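What follows is a set of notes on a single structure, which appears directly below.
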Amino acid sequence: MSYQNLDSFRDPEVAKTLSGLIAESCQSPMRIMEVCGTHTVSIFRNGIRDMLPQDITLVSGPGCPVCVTDQKEIDDFIQLARKKNVILATFGDLMRVPGTQSSLQKQRAQGRKVKVVYSAFDALTLAAQNPKKKIVFCGVGFETTAPTVGACILEAHRQGLKNFFVYSAHKTVPPALDALMSMDTVIDGFMMPGHVSVIIGADAYLPLVEKFAIPCAIAGFEPNDILASILTLVQQKEAGESKLENTYSRAVSPEGNKKAREVMEQVFDKVDASWRGLGVIPGSGLSIREEFERFDASKAFELPPARSAAPKGCICGAILTGKKIPPQCPKYKIECTPTDPLGPCMVSSEGTCAAYYRYHGAITKVY
Amino acid sequence: MCLAIPSKIVDIQGVVGTIDLEGVTRTINMALLENARVGDYVLVHAGFAISVIDEAEAAQSLDLIRELAEASLAEG
Ligand code: SF4
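Residue numbers (this note's numbering), protein chains in the order written: chain E, 293 to 659; chain X, 26 to 101.
Pasting the structure below:
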């Protein structure tokens with residue numbers, strides 16, 4: 293059984309009308325950043341660019357969690373996989389991300405116990421099933437994922453599990469957008485990530501809208517969701533307005549998912565975090581609170597200090613800030629491909645470079 | 026990691042929910058969602074239900090889009 297209203301959000305006739313309205317409304321060049329990697333993929337898959345006037349440029353932002361994971365964090369995951377008695381549990385997208393010297397996939401090939409899980413809850417189950425092993429979960433993700441990991445830490449606490457650990461590399465979106473606006477980027481409007489917004493709520497972006505007077509729209513993932521959000525962004529810009537429009541109100545409320553936010557606040561503290569390509573952003577990371585520190589892998593295991601910068605020649609930073617698109621990277625498709633990636637943007641299914649690699653043939657628009 | 030397609034809840038037992046997504050059933054964790062009921066459509070992320078789809082809001086967005094379309098037809 294499927295959701296009955298979905299068809300309308302995909303209806304090509306409606307899409308045509310929306311794209312006509314966008315063309316009609318758009319009077320001047322506009323750069324819109326889609327913050328979320330899932331939007332990037334949906335824009336390609338649905339051929340959204342071809343439905344837009346030349347004046348509108350869509351650039352991808354820092355919204356693929358694997359892509360913004362710092363090199364030190366990737367290296368730490370690899371170190372953790374090498375520890376005695378450890379089973380490292382991770383989302384599949386992290387497996388092929390190149391660390392300074394290795395990757396989790398290479399570690400697994402060398403006989404380390406690295407297990408791909410679909411949910412942090414699977415890692416918790418592993419811990420209960422393997423009392424003699426230490427299960428370490430790689431906590432990567434934004435506000436959508438952090439509560440799911442937080443809920444697992446609370447459950448591990450309740451069950452009194454002593455062999456479940458989380459390395460928290462979680463990051464939060466609003467501080468990153470604030471940092472992005474303070475850099476020398478040209479962004480005329482933000483398409484906000486649908487599922488991060490489900491948790492934090494639409495109102496979480498109001499300070500950003502106010503501070504930078506920038507048009508913002510929360511969008512769902514169907515083609516007409518995306519087009520409707522672009523339409524409101526264009527209309528705002530042409531009218532000289534800057535508002536927050538919620539075009540995904542069927543899933544996103546003004547206050548978000550209160551329960552999930554409470555879990556997040558109960559388990560994590562806000563800390564400064566280092567983002568790949570963006571640097572350290574104040575208050576944009578989540579570390580495990582003292583009360584639950586026995587589950588904190590960064591404290592339970594000894595890890596070496598940071599040793600290296602991002603891979604040489606990879607321009608992920610410029611890609612993640614919307615300054616460049618992948619075809620402008622000299623390594624793109626030459627030294628960097630999904631099977632032999634140089635940076636995480638080419639690895640993750642939500643990564644901008646991977647999305648371009650997969651769908652670039654479909655782009656007809658000149659940038 | 027995120028299923029953008031809403032799935033229908035067919036059963037809830039404590040924090041364990043069962044969803045039906047186009048004929049495939051799967052168990053999910055309901056710990057992050059208050060007030061979800063059997064029959065609701067939910068968004069699922071990394072094994073957890075994170076949001077109930079609000080049918081009234083969905084219908085309203087569609088009405089809005091339809092109104093826009095009609096207005097543009099009337100003008101054109
Ligand atoms: S194409 Fe490869 S090297 Fe270039 S920015 Fe993307 S991930 Fe980095």
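Where is the CB? At the ideal position from N, CA and C, for every residue including glycine.
Predicted model only: the values in this text are computed from it and were never measured.
Classify residue i: buried if its beta carbon has 16 or more other beta carbons within 10 angstroms, exposed otherwise.
{"i": "Tyr-540 of chain E", "result": "buried"}
{"i": "Ile-44 of chain X", "result": "buried"}
{"i": "Gly-532 of chain E", "result": "exposed"}
{"i": "Asn-60 of chain X", "result": "exposed"}
{"i": "Lys-308 of chain E", "result": "exposed"}
{"i": "Leu-427 of chain E", "result": "Residue identity differs from the one stated: residue 427 of chain E is Ile in this sequence, not Leu. Ile-427 of chain E should be labelled buried."}
{"i": "Leu-89 of chain X", "result": "exposed"}
{"i": "Lys-657 of chain E", "result": "Confidence at Lys-657 of chain E is low in this model, with a pLDDT of 46, below 50, so the placement of that residue should be treated as unreliable; the coordinate-derived value is given next. By the neighbour-count rule (16 or more Cβ atoms within 10 Å), Lys-657 of chain E is not buried but exposed."}
{"i": "Gly-403 of chain E", "result": "exposed"}
{"i": "Glu-92 of chain X", "result": "exposed"}
{"i": "Gly-433 of chain E", "result": "buried"}
{"i": "Gly-486 of chain E", "result": "buried"}
{"i": "Arg-542 of chain E", "result": "buried"}
{"i": "Ile-626 of chain E", "result": "exposed"}
CA-CA distance, residue i and residue j?
{"i": "Asn-297 of chain E", "j": "Ala-83 of chain X", "result": "7 Å"}
{"i": "Leu-634 of chain E", "j": "Arg-650 of chain E", "result": "16 Å"}
{"i": "Leu-313 of chain E", "j": "Ile-340 of chain E", "result": "14 Å"}
{"i": "Gly-442 of chain E", "j": "Glu-554 of chain E", "result": "10 Å"}
{"i": "Phe-456 of chain E", "j": "Phe-587 of chain E", "result": "6 Å"}
{"i": "Ile-367 of chain E", "j": "Thr-392 of chain E", "result": "The sequence given here places Asp at residue 367 of chain E; Ile does not occur at that position. The alpha-carbon atoms of Asp-367 of chain E and Thr-392 of chain E are separated by roughly 7 Å."}
{"i": "Ile-53 of chain X", "j": "Pro-321 of chain E", "result": "44 Å"}
{"i": "Ser-660 of chain E", "j": "Leu-396 of chain E", "result": "This structure leaves residue 660 of chain E out entirely; chain E is present only between 293 and 659."}
{"i": "Ser-641 of chain E", "j": "Cys-359 of chain E", "result": "10 Å"}
{"i": "Ile-37 of chain X", "j": "Asp-299 of chain E", "result": "27 Å"}
{"i": "Ile-445 of chain E", "j": "Val-333 of chain E", "result": "31 Å"}
{"i": "Asn-538 of chain E", "j": "Leu-416 of chain E", "result": "35 Å"}
{"i": "Gln-527 of chain E", "j": "Asp-470 of chain E", "result": "23 Å"}
{"i": "Ser-547 of chain E", "j": "Val-490 of chain E", "result": "Reading off the sequence shown, one finds Glu at residue 547 of chain E, where the question assumed Ser. Going from the Cα of Glu-547 of chain E to the Cα of Val-490 of chain E covers about 9 Å."}
{"i": "Pro-507 of chain E", "j": "Leu-453 of chain E", "result": "47 Å"}
{"i": "Gly-643 of chain E", "j": "Cys-356 of chain E", "result": "6 Å"}
{"i": "Met-473 of chain E", "j": "Met-484 of chain E", "result": "14 Å"}
{"i": "Gly-101 of chain X", "j": "Ile-607 of chain E", "result": "Its pLDDT being 49, under 50, Gly-101 of chain X is placed unreliably by the model, and nothing is read from it."}
{"i": "Val-478 of chain E", "j": "Ser-545 of chain E", "result": "29 Å"}
{"i": "Val-306 of chain E", "j": "Ile-379 of chain E", "result": "49 Å"}
{"i": "Gln-371 of chain E", "j": "Ala-438 of chain E", "result": "22 Å"}
{"i": "His-331 of chain E", "j": "Thr-361 of chain E", "result": "19 Å"}
{"i": "Leu-87 of chain X", "j": "Ala-505 of chain E", "result": "28 Å"}
{"i": "Val-409 of chain E", "j": "Ala-589 of chain E", "result": "18 Å"}
{"i": "Arg-599 of chain E", "j": "Pro-630 of chain E", "result": "25 Å"}
{"i": "Ser-576 of chain E", "j": "Gly-493 of chain E", "result": "17 Å"}
{"i": "Ala-552 of chain E", "j": "Val-40 of chain X", "result": "14 Å"}
Show which residues of chain X have a CB atom less than 7 Å away from the CB atom of residue i.
{"i": "Ser-300 of chain E", "result": "Leu-87"}
{"i": "Phe-413 of chain E", "result": "Asn-54 and Gly-72"}
{"i": "Ile-491 of chain E", "result": "Ile-75"}
Quick one: which chain E residues come within Cβ less than 7 Å of residue i?
{"i": "Ala-61 of chain X", "result": "Correct list: empty, because the minimum Cβ distance to chain E is about 10 Å."}
{"i": "Glu-92 of chain X", "result": "In chain order: nothing, as chain E lies at least about 11 Å away."}
Since residue i meets chain X, which of its residues come closer than 8 Å, beta carbon to beta carbon?
{"i": "Asn-455 of chain E", "result": "Those do not exist, as Asn-455 of chain E stays about 20 Å from chain X at its closest Cβ, beyond 8 Å."}
{"i": "Thr-539 of chain E", "result": "Ser-86"}
{"i": "Pro-439 of chain E", "result": "Leu-57, Phe-73 and Ile-75"}
{"i": "Ala-509 of chain E", "result": "In chain order: nothing, as chain X lies at least about 12 Å away."}
{"i": "Asn-516 of chain E", "result": "Ile-90"}
{"i": "Ala-443 of chain E", "result": "Asn-54, Ala-56, Leu-57 and Phe-73"}
For residue i and residue j, which I take to be in contact (beta-carbon distance under 8 Å), what is that distance rounded to the nearest angstrom?
{"i": "Gly-72 of chain X", "j": "Phe-413 of chain E", "result": "5 Å"}
{"i": "Leu-525 of chain E", "j": "Ile-324 of chain E", "result": "6 Å"}
{"i": "His-449 of chain E", "j": "Phe-584 of chain E", "result": "6 Å"}
{"i": "Ile-573 of chain E", "j": "Asp-564 of chain E", "result": "7 Å"}
{"i": "Leu-310 of chain E", "j": "Leu-536 of chain E", "result": "Contact doesn't hold; Cβ gap of about 20 Å is too wide."}
Which bits of chain X does residue i rub up against, with CB to CB less than 9 Å?
{"i": "Lys-551 of chain E", "result": "Ala-56, Leu-57, Leu-58 and Glu-59"}
{"i": "Val-555 of chain E", "result": "Ala-56 and Leu-57"}
{"i": "Ala-520 of chain E", "result": "Ser-86, Leu-89, Ile-90 and Leu-93"}
Below 8 Å on C-beta distance, what does residue i contact in chain E?
{"i": "Ile-34 of chain X", "result": "Simply none; closest approach about 11 Å."}
List the residues of chain E whose Cβ lies closer than 9 Å to the Cβ of residue i, in chain order.
{"i": "Ile-78 of chain X", "result": "Tyr-295, Asn-297, Arg-542 and Ala-543"}
(message) Check whether the stretch 565-579 of chain E and the stretch 608-615 of chain E touch, using three or more Cβ-Cβ pairs below 8 Å as the test.
(response) yes
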